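Enquirer: From first to last, the protein sequence lines are chains A and B.
With my numbering, letter number 265 in the first sequence gets 356, and the count goes up by one each step, no holes.
With my numbering, letter number 336 in the second sequence gets 427, and the count goes up by one each step, no holes.
2 protein chains.
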Amino acid sequence: MSVSEIQQAKKTVEFSRESLEAVLRGRFFYAPAFESYGGVSGLYDYGPPGCAFQANVVDLWRKHFVLEEGMLEVDCTMLTPYEVLKTSGHVDKFSDWMCKDTKTGEIFRADHIVEEVLEARLKGDREARGLGAKPVEEESADKKKRKKKVKEIKVVKLEDDVVKEYETTLAKIDGFSGPELGELMVKYNIGNPVTGDKLEPPIAFNLMFETAIGPSGQLKGYLRPETAQGQFLNFNKLLEFNNGKTPFASASIGKSFRNEISPRAGLLRVREFLMAEIEHFVDPLDKSHPKFDEVKDIKLRFLPRDVQEAGATEPVVKTIGEAVASNMVDNETLGYFIGRIYMFLMKIGVDHDRLRFRQHMANEMAHYAADCWDAELHTSYGWIECVGCADRSAFDLTVHSNKTKEKMVVRQKLETPIEVTKYEIDLVKKLFGPKFRKDAPKVESYLLNMTQDQLAVKAKELADTGKITFSVPEVEGELELDDKFVTIEERTRVEHVREFVPNVIEPSFGIGRIIYAVFEHSFWSRPEDAARGVLSFPPLVAPSKVLLVPLSNNKELQPIVSKVSTTLRKAEIPFKVDDSGVSIGKRYARNDELGTPFGVTIDFDSVQDGSVTLRERDSTKQVRGSIEEIIEAIRQIAYKGVTWDEGTKNLKPFVSQEAK
Amino acid sequence: MSVSEIQQAKKTVEFSRESLEAVLRGRFFYAPAFESYGGVSGLYDYGPPGCAFQANVVDLWRKHFVLEEGMLEVDCTMLTPYEVLKTSGHVDKFSDWMCKDTKTGEIFRADHIVEEVLEARLKGDREARGLGAKPVEEESADKKKRKKKVKEIKVVKLEDDVVKEYETTLAKIDGFSGPELGELMVKYNIGNPVTGDKLEPPIAFNLMFETAIGPSGQLKGYLRPETAQGQFLNFNKLLEFNNGKTPFASASIGKSFRNEISPRAGLLRVREFLMAEIEHFVDPLDKSHPKFDEVKDIKLRFLPRDVQEAGATEPVVKTIGEAVASNMVDNETLGYFIGRIYMFLMKIGVDHDRLRFRQHMANEMAHYAADCWDAELHTSYGWIECVGCADRSAFDLTVHSNKTKEKMVVRQKLETPIEVTKYEIDLVKKLFGPKFRKDAPKVESYLLNMTQDQLAVKAKELADTGKITFSVPEVEGELELDDKFVTIEERTRVEHVREFVPNVIEPSFGIGRIIYAVFEHSFWSRPEDAARGVLSFPPLVAPSKVLLVPLSNNKELQPIVSKVSTTLRKAEIPFKVDDSGVSIGKRYARNDELGTPFGVTIDFDSVQDGSVTLRERDSTKQVRGSIEEIIEAIRQIAYKGVTWDEGTKNLKPFVSQEAK
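(1) Please list the segments of the beta strand (DSSP E) lying wholly inside the stretch 345-417 of chain A, counting only runs of 3 or more residues, in order along the chain.
(2) Please report whether the beta-carbon of I559 (chain A) lies at a distance below 9 Å from any beta-carbon of chain B.
(3) What is the rounded straight-line gap between the Cα of T739 (chain A) and the Cα of M299 (chain A)?
(4) Measure the Cβ-Cβ separation of I605 (chain A) and L425 (chain A) and say whether it is below 9 Å.
(5) Return the residue from the list A:P630, A:D694, A:V668 that minimises the CA-CA distance to E647 (chain A).
(6) Show which residues of chain B have a CB atom less than 7 Å away from the CB atom of D465 (chain A).
(7) Could you tell me whether the Cβ of N334 (chain A) comes closer than 9 Å to any Cβ of chain B?
(8) Could you please give the first and the last residue of the uninterrupted beta strand (DSSP E) stretch that includes F561 (chain A)?
(9) Check the DSSP bridge columns for F666 (chain B) and list the partner residues they point to.
(10) Just to make sure I have the definition right: I need the residues of chain A whose C-beta is within less than 9 Å of the C-beta of V500 (chain B). Which are they?
(11) Just reading off the alpha helix (DSSP H) that N493 (chain A) is part of, what are its end residues?
(12) Given a cut-off of 9 Å on the beta-carbon distance, is the pair F106 (chain A) and G141 (chain A) in contact?
(13) Can you have a look at W735 (chain B) and say buried or exposed, based on whether 16 or more other CB atoms are within 10 angstroms of its CB?
(14) With a 10 Å radius around its C-beta and 16 neighbouring C-beta atoms as the bar for buried, classify T56 (chain A) as buried or exposed.
(15) For a test of the three-state rule: what should DSSP assign to S471 (chain A), helix, strand or coil?
(16) How about R355 (chain A): is its C-beta nearer than 9 Å to some C-beta of chain B?
(17) Kindly indicate the opening and closing residues of the beta strand (DSSP E) around F199 (chain A).
(18) So, does the CB of R153 (chain B) fall closer than 9 Å to a CB anywhere in chain A?
(19) Within a Cβ cutoff of 6 Å, which residues of the same chain sit near P665 (chain A), ignoring the five residues on either side of it in sequence?
(20) Apart from the five residues on each side of it in sequence, which residues of its chain come closer than 8 Å, Cβ to Cβ, to L742 (chain A)?
(21) Do T495 (chain A) and V592 (chain A) have their C-beta atoms within less than 9 Å of each other?
(22) So, for V407 (chain B): in the same chain, excluding its five sequence neighbours on each side, which residues have a beta-carbon less than 8 Å away from its beta-carbon?
(23) Going along chain A in order, which residues have a C-beta closer than 7 Å to the C-beta of M189 (chain B)?
(24) Residues of chain A with CB closer than 8 Å to the CB of G321 (chain B), please, in chain order.
(25) Name the chain B residues whose beta carbon is nearer than 8 Å to that of A143 (chain A)?
(26) Under 9 Å, do K346 (chain A) and F364 (chain A) count as touching if we go by C-beta distance?
(27) Can you look up G190 (chain B) in the DSSP assignment and give me helix, strand or coil?
(28) When DSSP labels each residue in this structure, what does I606 (chain B) get in the three-state scheme?
(29) Quick check on the DSSP output: the alpha helix (DSSP H) that includes D252 (chain A) runs from which residue to which?
(30) At the level of alpha carbons, what is the spacing between K526 (chain A) and R315 (chain A)?
(31) Closer than 9 Å, CB to CB, is P593 (chain B) near chain A or not?
(32) Whether or not the stretch 563-576 of chain B and the stretch 527-536 of chain B are in contact is what I'm after, with contact meaning three or more pairs of Cβ atoms, one per stretch, closer than 8 Å; do they touch?
(33) Between the stretch 282-291 of chain B and the stretch 192-203 of chain B, do at least 3 Cβ pairs fall closer than 8 Å?
(34) I'd like to know whether the C-beta atoms of V703 (chain B) and Y679 (chain B) end up nearer to each other than 9 Å.
(35) Out of A:E368, A:I718, A:V157, which has the shortest C-alpha to C-alpha gap to Q699 (chain A)?
(36) Pop quiz: L358 (chain B) and Y607 (chain B) are said to be a contact at Cβ under 8 Å. What is the actual Cβ separation, rounded to whole angstroms?
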């Protein structure tokens with residue numbers, strides 16, 4: 092079938108998540124981890140086809156991003172000490188709000204429970220008013236991911252102003268703090284939806300897994316919640332590796348961890364997941380991109396902030412060039428990566444019509460971020476954030492540098508030197524030891540790290556009064572120094588080098604979520620055999636490329652099977668032999684579920700003349716040729732981007748009754 | 092230089108670990124993680140060349156093992172619940188013995204401290220006797236990995252019988268339990284080697300990182316200490332995926348974690364490391380291997396158990412075929428994997444002369460293991476275990492199956508049905524509930540899971556006395572049942588299916604250790620430039636394949652640089668441009684340290700006639716040809732196993748003064 096015929100078939104046989112999951116579980120794309128031990132929610136294992144698919148996606152990611160842009164890939168540890176994540180803000184802010192039911196011991200995510208209960212009441216109200224359900228499209232993505240806690244909808248009509256209030260609350264649900272959620276629960280009398288019992292007020296639950304490093308148990312650590320911090324901490328080494336020049340990008344592929352309160356949506360919300368992250372370091376004064384022209388004509392669906400603020404969901408379709416020119420997307424580099432993300436997603440089989448780029452709302456975005464766009468993929472759970480693409484400004488390097496006192500800057504030689512006037516402070520250090528004893532280093536460090544604004548104030552104080560007073564963290568009392576100890580002056584110097592903290596553009600990929608979306612986008616059933624599914628993966632990322640099918644278990648066919656196997660192995664084309672003895676049709680159907688793009692059939696004619704049959708998964712078209720011809724066609728189509736028609740143009744069409 | 096010339100150079104310029112580490116750190120192959128935060132011992136990050144080298148090794152591993160054998164690769168979670176690791180034995184046994192100095196708070200590994208102190212005393216004794224140091228070869232590998240705790244050697248002569256006793260103790264050091272180590276410390280008066288203070292008796296320190304899964308904190312989990320358990324737990328799904336047939340193998344590549352007490356030896360003993368493990372499931376009655384012939388003529392250095400027991404270190408050199416035929420290696424499948432491991436290590440650049448296969452001694456091997464061989468690589472730290480290859484019998488599947496009550500067996504249709512006589516037990520279950528109430532399921536389960544031996548005893552008891560007495564774990568008191576409740580009989584049935592628990596052959600690779608050994612094996616210096624190192628990686632695994640060097644920063648050369656870059660990118664050959672402006676010689680020297688096998692120089696002739704120069708890293712030979720010819724030569728040599736001479740035979744030799 093052609094692409095449009097598959098689209099037609101998708102309309103004929105409606106998508107069913109249950110059917111897809113039956114295939115994915117039945118063919119061991121994935122399975123709940125530790126199933127025989129009762130399982131652990133939010134943990135999944137990838138079986139052979141899932142693992143191979145993931146490996147192919149990662150391999151392609153590496154070629155598409157790392158190799159193409161000459162990125163500096165690093166592999167940093169997952170174990171991360173407390174101090175690092177304290178500095179990055181994760182210890183304080185990487186949390187969700189949870190409420191406990193003290194009677195049953197159940198734990199609920201506060202925002203989810205408020206959302207669900209209010210929605211259930213609104214639904215009951217609509218039924219009481221004789222109105223239908225709200226259209227599915229309008230439901231929030233995240234909500235649909237979860238199995239409902241509210242088991243029963245009570246048909247109760249609400250006051251009109253209550254309906255309005257609930258709706259307003261739901262529209263802002265992502266923006267409430269924990270205490271605010273607690274107030275809403277009291278105000279709207281929201282408790283355990285099954286028993287009705289009151290819940291304890293929301294408390295913050297940090298989503299990082301904690302552990303102790305070393306035998307003493309003293310060094311607290313976490314499993315990283317993202318791969319980014321390791322890249323930031325290695326910035327100086329990476330800059331040196333790159334001969335001191337920016338822009339450059341680092342990249343990292345690896346597992347990260349989030350101890351979700353109540354993970355439910357299958358592969359979409361898990362506690363251990365594969366990420367691929369890029370940190371592109373760029374001059375804050377020049378975010379142009381030399382290869383921007385290569386992406387500027389790509390047309391995308393954008394959902395910018397203002398459209399969302401107006402309550403609309405209709406995307407704006409324009410080219411990346413237009414998006415950047417109109418300042419909708421902040422800068423060229425951000426636009427370039429949006430384009431590259433789009434191209435990558437297309438290569439691995441995302442449905443073009445089910446991708447949009449959504450801009451973060453003001454309250455979603457970190458205070459330091461300049462702009463942020465999520466690539467969202469549409470699935471049966473709604474629109475899912477799969478790739479984030481943020482301009483994080485200089486935040487990360489600045490906080491780590493402030494904490495460690497290690498400078499993280501780029502030094503750029505100025506073509507024309509410039510005069511810079513600024514305050515400078517000089518300490519007569521030999522006097523500090525006698526005066527401050529063990530506190531001397533802290534006092535010195537405090538003074539040497541004052542900002543220009545602070546220095547301006549202190550310079551005036553020193554000039555006016557002959558001394559400065561100040562206090563230093565961890566040092567007791569107010570301190571005082573006169574001008575024998577310290578000089579603060581405004582001086583003008585000629586600078587030949589410009590020093591700057593680069594900004595970071597961060598495309599961040601949730602590989603597991605992308606993979607699940609591709610599963611959904613690739614799944615369909617033939618109208619004549621609706622009970623069986625087909626996973627139409629692009630050959631490049633398909634878990635296995637070829638199913639080798641001897642027509643029967645007759646020993647005569649064995650040498651040909653061996654010969655084709657050896658040739659495929661030598662060509663490094665992954666394949667699988669199915670000599671299970673069931674009918675060819677059944678074997679092909681099984682194979683369609685595995686998403687294997689090509690079947691090679693060996694029959695008794697093969698023994699005579701060395702020819703074999705090649706079958707294409709989607710169209711079920713078949714051609715016949717020599718082993719070498721067939722394998723070359725597979726190689727061209729699977730790896731070189733050649734079309735089926737082009738790749739098989741010199742091969743004879745083949746029709747058989749059995750091998751449909 | 093040819094291989095033998097490199098060997099010659101290695102003799103001229105002696106290996107220096109300091110020089111190697113300076114290169115590895117300087118070129119950012121790796122760095123201590125969180126260095127700007129003071130670092131965490133045992134945690135390292137791989138920078139761009141280390142990360143690329145690792146990715147290439149993993150890619151080759153996948154092709155060499157997974158693709159070649161059609162293995163079923165899985166990707167299982169690192170987070171693992173307590174119960175699973177309790178069953179596998181890790182909770183109880185995966186630990187080292189540690190001693191605390193209560194005064195200083197220092198923690199020592201008990202076996203290490205005993206070993207170090209006794210060795211220091213023996214060394215002092217040898218000095219007192221005027222004897223030289225022991226030859227380095229004889230020192231144990233593990234000992235040399237550690238920075239010494241004993242800072243000072245006291246020259247004190249010991250009694251002859253004390254020397255003998257110390258030597259005997261050291262020879263058995265790996266075999267002592269914690270309490271035995273404690274006794275030795277008392278007996279030999281071993282305390283903190285610096286202060287002399289007494290240490291607390293050894294306590295077991297479990298090496299797994301612990302964490303809590305989920306918001307309640309109730310579900311205790313660990314970071315996996317190996318990837319194997321996930322593969323065992325998925326056995327039934329893998330067997331089904333393989334159409335119910337054995338033998339087959341699963342494989343997994345991923346990080347594992349060990350909370351080492353005191354990690355010191357750089358990349359060799361780390362807390363987070365990459366493993367690649369294979370679990371080959373095989374019929375216990377038939378461990379032959381169909382491809383054994385492909386490896387049987389490979390000659391290897393074996394260090395079998397009996398040689399070690401005799402105190403010798405001279406390996407036995409024989410073919411794998413001879414090793415299996417003489418029962419030195421237990422079976423063909425184990426032998427086959429030993430051969431494949433050897434081939435893999437050769438491909439990635441291990442020095443043939445610095446590899447041996449050492450058999451586990453009786454006290455090293457798990458009680459259930461049938462045989463175990465370690466591939467050890469020789470480094471400046473001594474002989475290091477890098478790959479384990481064990482026949483683990485049916486242990487793992489059996490313990491998990493016993494715990495979960497999920498059968499993990501292979502069902503094999505028998506060609507000729509057989510008669511089997513065995514005891515069977517029948518319960519009249521409707522009587523169990525009234526008699527045992529809530530304990531009924533436990534009692535039933537106990538009775539139904541009795542072994543044939545137990546049943547034989549109980550059958551006799553029932554026949555003799557009309558009743559059986561027994562006790563059930565977690566059920567109070569002795570229980571009694573008469574023949575109204577239970578029947579136990581010997582019955583003969585015709586069986587058409589044979590059921591068996593497969594045995595597991597487990598090749599397990601420590602990728603980080605292998606990589607470090609390859610670093611050492613590949614490192615040498617040119618006698619004429621001994622201060623600079625060369626890393627002679629095989630092109631296939633080299634981090635980057637090509638350094639692109641424009642002769643100057645003249646703009647005229649730019650179009651050629653772009654053209655070569657585009658062509659290399661299209662051919663998916665990783666490369667790096669060095670337009671840093673330092674001399675070509677310096678750029679090549681830098682590149683030698685990165686182990687890049689090829690240099691492509693662009694000069695002003697390139698602008699005229701489109702030709703470029705190709706330089707080979709080891710020999711510094713140069714040839715000249717068109718861009719297409721040069722890149723094709725690179726492709727053939729780097730990826731297709733073609734030699735330099737063969738790959739460049741149609742290209743003109745090139746000599747220049749500058750580009751040496």
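Cβ coordinates follow ideal geometry from the N, Cα and C atoms, glycine included.
Since this is a predicted model, take the numbers as computed values, not measurements.
Expert: To lay it out plainly:
(1) Runs of the beta strand (DSSP E) spanning 3 or more residues and lying entirely within the stretch 345-417 of chain A occur at 363-373, 390-394, 407-410, in chain order.
(2) By this cut-off, I559 (chain A) is not an interface position.
(3) Looking at the backbone, the Cα of T739 (chain A) and that of M299 (chain A) are separated by about 52 Å.
(4) Contact check for I605 (chain A) against L425 (chain A) fails: the beta carbons are separated by 9 Å or more.
(5) A:D694 is the residue among A:P630, A:D694, A:V668 whose C-alpha sits nearest the C-alpha of E647 (chain A).
(6) Those do not exist, as D465 (chain A) stays about 25 Å from chain B at its closest Cβ, beyond 7 Å.
(7) N334 (chain A) counts as touching chain B.
(8) From DSSP, the beta strand (DSSP E) with F561 (chain A) extends over 558-561.
(9) DSSP, once it has assigned bridges, lists B:V637 as partnering F666 (chain B).
(10) Under the 9 Å cutoff, chain A gives no residues; its nearest Cβ is about 14 Å from V500 (chain B).
(11) Taken as a continuous stretch (DSSP letters only), the alpha helix (DSSP H) holding N493 (chain A) covers 486-495.
(12) Against a cut-off of 9 Å, the Cβ pair of G141 (chain A) and F106 (chain A) comes out as no contact.
(13) It is buried - the Cβ of W735 (chain B) has at least 16 other Cβ atoms within 10 Å.
(14) Because chain A in this structure spans residues 92 to 751, residue 56 (chain A) falls outside the shown range and cannot be described.
(15) Per DSSP, reduced to three states, the secondary structure at S471 (chain A) is coil, with no helix or strand assignment.
(16) Closer than 9 Å: no.
(17) 198-200 is the span of the beta strand (DSSP E), which, as asked, contains F199 (chain A).
(18) Closer than 9 Å to some Cβ of chain A, the Cβ of R153 (chain B) qualifies, so yes.
(19) Excluding residues within five positions, the ones whose Cβ falls inside 6 Å are S635, K636.
(20) Around L742 (chain A): L705, V714, R715, G716, E720, I721, A724.
(21) Between T495 (chain A) and V592 (chain A), the C-beta gap is not smaller than 9 Å, which leaves the two residues out of contact.
(22) The residues are R392, F393, L394, P395, V398, M419.
(23) Here the neighbours are P306.
(24) Per Cβ cutoff of 8 Å: A124, D136.
(25) Scanning chain B for C-beta atoms nearer than 8 Å to the C-beta of A143 (chain A) yields E164, reported in chain order.
(26) Taking the C-beta atoms as reference points, F364 (chain A) is found nearer than 9 Å to K346 (chain A).
(27) Checking the displayed sequence, the identity of residue 190 (chain B) turns out to be Cys instead of Gly. DSSP, read as helix, strand or coil, puts C190 (chain B) in strand.
(28) It is helical.
(29) Where D252 (chain A) is concerned, the enclosing alpha helix (DSSP H) stretches over 251-262.
(30) Between K526 (chain A) and R315 (chain A), the C-alpha separation is close to 43 Å.
(31) Under the 9 Å criterion on CB atoms, P593 (chain B) is classed as non-interfacial with respect to chain A.
(32) Contact holds: three or more Cβ-Cβ distances are below 8 Å.
(33) With the cut-off at 8 Å, the stretch 282-291 of chain B and the stretch 192-203 of chain B touch.
(34) Contact: no.
(35) If we check each option's Cα against that of Q699 (chain A), A:I718 comes out closest.
(36) Approximately 4 Å separates the beta-carbon atoms of L358 (chain B) and Y607 (chain B); this is inside 8 Å, confirming the contact.
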